[in-house]
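Numbering (the numbering used here), first residue to last: 2 to 148. By construction, the Cβ of each residue, glycine as well, lies at the ideal position given by its N, Cα and C atoms.
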């Protein structure tokens, strides 16, 4: 049994990561083969093309990791690199039609999953989650200096 808030937070974070599909890409959207980082990148790119540095900033990943991520998504046919017309020195990462379909599949699967999870909670638990999670993200952001 947890001894205090630290233990509860540790167990909850561990459970969230394991159940959200961080360690097993087949759990994000079964059959799609998208890792969590690919899923987050596809979701971000749904908002429009961006340079790799921007994508890396959003995901909190190093330049070399983002480069490998984009290369893998390119191999899967989900993105392509295109020269930025405003600055030819930069390449933008752009979703392909297959990437838009994958992003849509992931978004819909996550929406349905989240609806099921929320439906399993009492109204009090839903309220606590709605208050507590944004507060936790705010505290983590303040400590880590992320945007």
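With 16 or more other Cβ atoms inside 10 Å of its own Cβ, residue 41 counts as buried. The straight-line gap separating the alpha-carbon atoms of residue 30 and residue 4 is approximately 35 Å. Distance from the CA atom of residue 84 to the CA atom of residue 53, rounded to whole angstroms, is 12 Å. In the displayed model, residue 122 falls within coil according to three-state DSSP, outside both helix and strand. Taking C-beta separations shorter than 8 Å and ignoring five residues to either side along the sequence, the partners of residue 92 in its chain run 52, 53, 82, 83, 84 and 85, following chain order.
Straight-line measurement puts the Cα of residue 46 at about 14 Å from the Cα of residue 35. Taking a C-beta distance under 7 Å as the contact criterion, residue 99 and residue 78 qualify as a contact pair. Distance check between residue 96 and each of 137, 138, 72 and 113 places 72 closest, using alpha-carbon atoms only.
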